[in-house]
Amino acid sequence: LQQSFAALRRGMRSCRHRQAHLQLAAQRYTPVLQPLQLQAFSNDLAIGRKMTLRVADLVVRIDATLCGLIMDNAISNAFKHGHPREPEVLFTISEAGGSDSTDSLSSGDHVRLSFKVTNKCNPARPALTPEYIDLVRSGKSFPSASQGTNAMSDQIGLQHSFLAAHAHGMQLSLTQEDGIVTFEGLLQVELAE
């Protein structure tokens, strides 16, 4: 029953993300900043997935749809393209710059957050290169017809994440080093109550 509930939640979230993507592509999306409890946000993204969370206990003003589209895609890609048996997916949200303590922050303060997804790479896949990332971002690198597509895919990919990030003012990076793939988004946010 829990797996069915998780699948239903992911499906509903996927529909919201698809709508947001269509509006972004038509240049009709306007970000709406609302208070969002980061731990609840990350728990929702993790539902039904075997992954580790390390998330700051903060409430921030953010566009949950855009941020969700970006991070849900990153997490999905970590499982889809990562190590086939032990992807070791880790999702962290922390203050950028390494400070683990957010105790001194108060409502109205601005903070730069790091939204990060890491996973073990699939040893059978070629390493990610900056050239390949640029190709994907441009939309010129898609699976060939012979590779097919996952029936559960929402077809929202990395280039859509970069489009959503641009609309939200988030800086994205995707790198691979020593067998670990890191997707990171940096975003300046305002703390909420």
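Numbering (the numbering used here), first residue to last: 12 to 204.
Quick reminder that beta carbons are idealized off the backbone N, C-alpha and C, glycines included.
Own chain partners of residue i with C-beta closer than 7 Å, once the 5 adjacent residues on each side are dropped
i	result
Asp189	none
Gln48	Val70
Arg21	Gly59
Gln187	Cys132, Ala138 and Leu139
Val122	Glu106, Leu116, Val200 and Leu202
Leu44	Arg72, Ile73 and Asp74
Asp120	Leu202
Pro42	Asp74, Leu77, Ala178 and His179
Check: residue i C-beta below 7 Å from any heavy atom of the ligand MG
i	result
Phe194	The model on display carries no ligand, and the ligand MG is accordingly not part of it.
8 Å contact criterion, which residue i and residue j should meet: CB distance rounded
i	j	result
Asp83	Arg24	6 Å
Lys131	Ile191	6 Å
Ala31	Thr76	5 Å
Glu124	Leu56	Note that residue 124 is Leu in the sequence shown, not Glu. Their Cβ separation, rounded to whole angstroms, is 15 Å, which puts Leu124 and Leu56 out of contact at 8 Å.
Leu101	Arg136	In fact, because the Cβ distance is near 19 Å, the residues do not count as touching under 8 Å.
Ala178	Leu33	Actually they do not touch by this definition, with Cβ atoms about 13 Å apart.
Endpoints, the alpha helix (DSSP H) within which residue i is located
i	result
His179	Leu169 to His179
Ile104	Note, Ile104: premise wrong, no alpha helix (DSSP H); beta strand (DSSP E) at Leu101 to Glu106.
Arg148	Pro141 to Ser149
Bridge partners - residue i, DSSP secondary structure assignment
i	result
Ser15	Answer by DSSP bridge pairing: none, since Ser15 is not bridged.
His121	Glu201
Cys132	Gly93
Ile191	Lys131 and Glu188
Phe52	Phe52 is not bridged to any residue.
Gln182	Leu197
Cβ shell of residue i (< 6 Å), same chain only, five flanking positions each side left out
i	result
Ala85	Val128 and Phe194
Ser172	Ile81 and Asn84
Ile144	Leu185
Chain-order list of residues whose beta-carbon lies under 8 Å from that of residue i (same chain, five-residue window excluded)
i	result
Val209	Here the chain covers residues 12 to 204 and nothing more, so residue 209 does not appear.
Limits of the unbroken beta strand (DSSP E) element including residue i
i	result
Val66	Thr63 to Val66
Leu47	Gln45 to Gln48
Ile73	Val70 to Ile73
Nearest residue (CA-CA) to residue i, options the options
i	options	result
Ile81	Phe52, Ala67, Pro134 and Arg60	Phe52
Pro98	Asn88, Ser105 and Pro141	Asn88
Thr63	Arg39, Met181 and Phe90	Phe90
Ala67	Ile104, Cys26, Gly108 and Leu174	Ile104
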